[in-house]
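Just so you know, the protein sequences line up as chains A and B, in that order.
As numbered in my numbering, the first sequence has no gaps in its residue numbers, which increase by one up to the final residue, 296.
As numbered in my numbering, the second sequence has no gaps in its residue numbers, which increase by one up to the final residue, 97.
Glycine included, C-beta positions come from ideal geometry on N, C-alpha and C.
Just so we're clear, the structure is a prediction, and the values are computed from it rather than from any experiment.
I have placed the structure first, in the form of structure tokens, so that the comments after it can refer back to it.
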Amino acid sequence: NAGVMQNPRHLVRRRGQEARLRCSPMKGHSHVYWYRQLPEEGLKFMVYLQKENIIDESGMPKERFSAEFPKEGPSILRIQQVVRGDSAAYFCASSPGTGPYSNQPQHFGDGTRLSIL
Amino acid sequence: EDQVTQSPEALRLQEGESSSLNCSYTVSGLRGLFWYRQDPGKGPEFLFTLYSAGEEKEKERLKATLTKKESFLHITAPKPEDSATYLCAVRASNDYKLSFGAGTTVTVRA
């Protein structure tokens, strides 16, 4: 999984705190996707971003969750006022984008394991 | 809504014992079907993309095939290092996201 960098690898928060997860896409990739993997469940899509734009956030919970991909710097997934149910592995993926690359696979980072005390 | 079902949930093989994993899918227009491998504590690692029925892809001991309703991942003469969870995902023609199955966990004993 070299290329897509996520940090931190592990994050522990107490209920009510904020969690910030970072993702730097592979070099040359301009599209970022966030997925969540709950214990004993498959990967679920959360949000798809391009630089400075949220393209599809249909999988994102309506409250407490937000994502951004600024012009400079990594993509950030932010969870406010965390609850026990937010404990999961959060994966970021990147791809070159649409157009000629529309069938390019998404490449994943190694995830951030979020634990809520 | 796109649906992906993988079977079996778990598969225990002896080294050299070939087998197949199944991925059944329902999608409104398939743009691509993707196979990934995931090791414990790691992210999914891309293996194959299949685009149309009849297509086959091979990589070392792995071979993926595609029909209009399902895909198979064949593991020929597996080795212990092939032990992993294998994930299947689909992407609809009018969508960006991948819809994943729950995965098949393969354990290969020496």
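Extent of the continuous beta strand (DSSP E) to which residue i belongs
i        : result
A:Asn232 : Asn232 to Asp235
B:Ala51  : Leu49 to Leu53
B:Leu60  : Glu57 to Ile62
B:Ser11  : Ser6 to Thr13
Cβ shell of residue i (< 7 Å), same chain only, five flanking positions each side left out
i        : result
A:Asn180 : With a pLDDT of 47 at A:Asn180, under the threshold of 50, the modelled position of this residue cannot be trusted; read the value that follows with caution. Cβ within range, chain order: Phe287, Gly288 and Asp289.
B:Asp26  : Ala71
8 Å Cβ shell around residue i - same chain, five flanking residues per side excluded
i        : result
B:Thr94  : Ala(-3), Leu(-2), Arg(-1), Leu0 and Ser70
A:Tyr280 : Its pLDDT being 48, under 50, A:Tyr280 is placed unreliably in this model, and the value from its coordinates should be taken loosely. Around A:Tyr280: Ser274.
A:Arg192 : Ala198, Val261, Leu293, Ser294, Ile295 and Leu296
A:Lys230 : Ser209, Phe248, Pro249 and Lys250
A:Lys223 : Tyr214, Arg215, Gln216, Leu217 and Gly238
Amino acids of chain B, ordered along the chain, whose beta-carbon sits closer than 7 Å to that of residue i
i        : result
A:Pro284 : Phe21, Phe33 and Thr36
A:Gly207 : None at all; the shortest Cβ gap to chain B is about 16 Å.
A:Gly221 : Phe87, Gly88, Ala89 and Gly90
Listed by chain order, chain B residues near residue i by CB distance under 8 Å
i        : result
A:Tyr269 : In chain order: nothing, as chain B lies at least about 10 Å away.
A:Phe224 : Lys84, Leu85 and Ser86
Other residues of its chain near residue i: CB distance less than 6 Å, five sequence neighbours each side excluded
i        : result
A:Gln259 : Glu197 and Arg243
Proximity below 7 Å, CB of residue i to CB of residue j
i        : j        : result
A:Ser245 : A:Arg257 : yes
A:Ile234 : A:Arg201 : no
A:Gly221 : B:Phe35  : no
A:Arg215 : A:Ala267 : yes
Whole-Å CB distance - residue i paired with residue j, under 8 Å assumed
i        : j         : result
B:Cys75  : B:Val(-9) : 6 Å
A:Cys271 : A:Val226  : A:Cys271 to A:Val226, Cβ: 10 Å. No contact.
Contact list for residue i against chain B, beta-carbon separation under 9 Å
i        : result
A:Ile234 : Tyr83
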